[in-house]
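Letter by letter, the sequence shown follows residues 66 to 304 of my numbering.
To start, the structure itself, in structure tokens.
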Amino acid sequence: MARRVGAFEATLALALLAGCVTVARGAEHELLAGPKTTHFGGWSAAHPPVLEVDSGDVVRLWTVSGEPGGVPLDAWDVPSALRAVWREACGAEDGTQPHRSPPLPHCGNPGPHILTGPVRVRGAKPGDVLRVDVLSATPWVPWGWNAIREGKGALGASRAYGFDAHAGGTYVVPIDLEAMTSTLPWPAGGTVDVTAPFFGQMASLRRRRAAWWARRRPARTAGTWTTSSSAWARRCSSG
């Protein structure tokens, strides 16, 4: 079972650390999600930063998420930002690919995650430690989505959760933004609390000469950072 969660508004503090020192809170920035500030799947230092900040600054960063063509517009409230991303990447605002036959996985992009960023910290150099504090993360779209594949993930064949009975597919999961809960649409799914959301992709980027990568070992970084709405929601450091 591969988990993809919905769209979030996250508030983040980014800092370069010289030892274990306390960094004062700096200026605040807002980064909206859209075709010019996001890209599909994988991380690459070839992507130019869409925002530059100083060490200690706070970024209010918006994300969008959804499998192209897998979230019907007549059944779900799809935000205009996500429609715009689909329109530019896929050729239609519902994420379908009317000009391609057959359609390409992820509209021809290297992966399913829609990443907001990169954000560059001025003055960062390879070998520096980049500290990112997630101050808050709040769902802002009333649905998320899950892609279930046979045998994939830690729960891919779990009888306890009923995943072994699924042939696979994509499920759109409703979120109650007032109660901050979600009722999962598969056997034994139940109702879950969404106040501590799961991030699917959050990373610092490799040096610029490195090619695109998605699942390789960490490398030295230069203080450029990107995230998706759908890996860890606690403090993360890389160096």
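All C-beta atoms, glycine included, are put in the ideal place defined by N, C-alpha and C.
Here the alpha carbon of Val-186 sits roughly 5 Å from the alpha carbon of Asp-119. One Cα belongs to Pro-133, the other to Val-184, and the distance between them is close to 25 Å. By the beta-carbon neighbour count (other beta carbons within 10 angstroms, threshold 16), Asp-139 is exposed. For Ser-145, the secondary structure class from DSSP, reduced to helix, strand or coil, is helix. Bounds of the beta strand (DSSP E) holding His-94 are 93–96. Under DSSP, Pro-137 takes part in no beta bridge, so it has no partner.
Looking at Pro-262, Glu-158 and His-171, the one whose alpha-carbon comes closest to that of Leu-200 is Pro-262. Between Val-257 and Gly-182 the beta-carbon gap is near 27 Å, outside 8 Å, which marks them as no contact.
When C-beta atoms of the stretch 171–179 are compared with those of the stretch 101–116, three or more pairs fall below 8 Å, so the two segments count as touching. Taken atom to atom, the span from the alpha-carbon of Tyr-236 to that of Gly-131 is near 10 Å.
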